[in-house]
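Residue numbers (our numbering): 44 to 464.
A short worksheet on the structure shown next.
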Ligand code: GLC
């Protein structure tokens, strides 16, 4: 049954993911504490150096809004354990750095002013809290250790206390920042697949969800709590699903949202140069919406607090395309099965208006053939300039042939809007 509080989410389709934390300072990867097996003392230098003097979330929010993004999800705490908000429950927080202010509050205010809905990413994993049980799956100092060695290292640690910390933190985030639209947990790696893994019992997911639903009744929860039935949204990452996603990380749900980066990591990655092109980024958005999904496109702001030029450029590419084509995205989803995708094309469909949008991913020379379309098409136009696309019909073969200009219209992915009878 469709959930009412998901309506805006499946309508809006496009959001911004923001991974920002101490890892922005080294700029190597948000997992560097794990990758480089750093201990707390070694990691401390990033805390000491953290002072984003060029942080202006209004610039971020404007760029997101211009790109057509309607919501955002920001890291309140990543696996490193550092809190980007003024936590009541730890000293390992942004207000204790040279920067001194609650970045989450500033970000929330700036994005709300641009009418974006608010989402919090909160890491279940915590490589800093003194009570969090060390495992050998991803905990930096636990990697390569035997279960006996781990038992020794875990003496004095108490996951129950960590659970209390986790729940207290979430309660604070859901009471002190107004209406929160999404809470995005990351992530479970349960037993028995992982011998020293963590799942619903290690987070007390059941009571966590109960608390969340009481504090923020309309909130959307993702699927990573290892608690079947608790997730509203499935969250595949860095893939382009062939079909609508209905199962992910052992959970099922009606909605799905793919998250993607512009280049490799989620946090700022100075030396990662394999950036997706403008075309690939627009393709991503279309490839999610045409399978009933949302796209959560990530930025990793720098240690100085700005979004680097490479990312700003891509956001600008989204803005350019969305300016002419947003109605093929908002309110749209998978097309009815009776209309198979023509070669190199993707359909999206707006149920309310009965409009079909043909995204031409690879521009052809003369014609595009639409199967099962004879007698059904009233009018067709190129979205970019509203110009008519003429067509002929072959009733016997049940095919409509669109006559398209030979030169590709000047936009990354041209879209032809099809008005059905
Ligand atoms: C992974 C990574 C993490 C990132 C997340 C985004 O689970 O652990 O670094 O935040 O994906 O989906």
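Each residue gets a CB set at the ideal place from its N, CA and C atoms; glycine is no exception.
Inclusion of residue 441 and residue 415 in the CB contact set at 9 Å is warranted, their separation being smaller than that value. If you draw a straight line from the Cα of residue 81 to the Cα of residue 315, it is about 21 Å long. Residue 325 sits in a helix when the DSSP states are folded into three classes. Separation of the CB atoms of residue 341 and residue 296 is rounded to 21 Å, and the pair is thereby denied contact status at 8 Å.
Remark: the C-beta of residue 178 is outside contact range of the ligand GLC, defined as less than 8 Å to any heavy atom. Closest in alpha carbon position to residue 386, among 408, 377 and 376, is 408.
Between the ligand GLC and residue 170, a heavy atom-to-CB distance of less than 8 Å is absent. The beta-bridge partner set that DSSP reports for residue 386 is empty. Set against 8 Å, the gap from the CB of residue 229 to the closest heavy atom of the ligand GLC is smaller. Between residue 420 and residue 463 a beta carbon distance of about 7 Å is seen, short of the 8 Å cut, so the two are scored as contacting.
In the DSSP assignment, residue 434 falls within the beta strand (DSSP E) that extends over 434-437.
An exposed status is given to residue 78, since fewer than 16 other beta-carbon atoms sit within 10 Å of its beta-carbon.
Non-local beta-carbon contacts of residue 210 in its own chain, meaning distances under 8 Å to residues more than five positions away in sequence, involve 247, 250, 251 and 254 in chain order. The continuous stretches of alpha helix (DSSP H) do not include residue 266, and DSSP gives it neither H nor E. If you look at residue 150, you'll find it in the alpha helix (DSSP H) that goes 146-156. Rounded to whole angstroms, the separation of the alpha carbons of residue 335 and residue 374 is 10 Å. Counting only the Cα atoms, residue 163 lies some 13 Å from residue 219. Listed as beta-bridge partners of residue 166 by DSSP are 229.
The beta carbon of residue 175 is closer than 6 Å to those of 169 and 205 in its chain, skipping five residues each way along the sequence. 101 is the residue among 200, 433, 434 and 101 whose C-alpha sits nearest the C-alpha of residue 150. Under DSSP, residue 58 shares a beta bridge with 114 and 339. For residue 298, DSSP records a beta bridge to 276. From the listed residues 53, 57, 71 and 64, the smallest Cα separation to residue 303 is found for 57. Taken in chain order, the complete alpha helix (DSSP H) segments of 4 or more residues contained in the segment 79-112 are 83-92 and 100-110.
The three-state secondary structure of residue 259, taken from DSSP, is coil. Within a 10 Å sphere around the beta-carbon of residue 350 sit 16 or more other beta-carbons, which makes this residue buried. Set against 8 Å, the gap from the CB of residue 74 to the closest heavy atom of the ligand GLC is smaller. Rounded to the nearest whole angstrom, the C-alpha separation of residue 271 and residue 119 is 24 Å.
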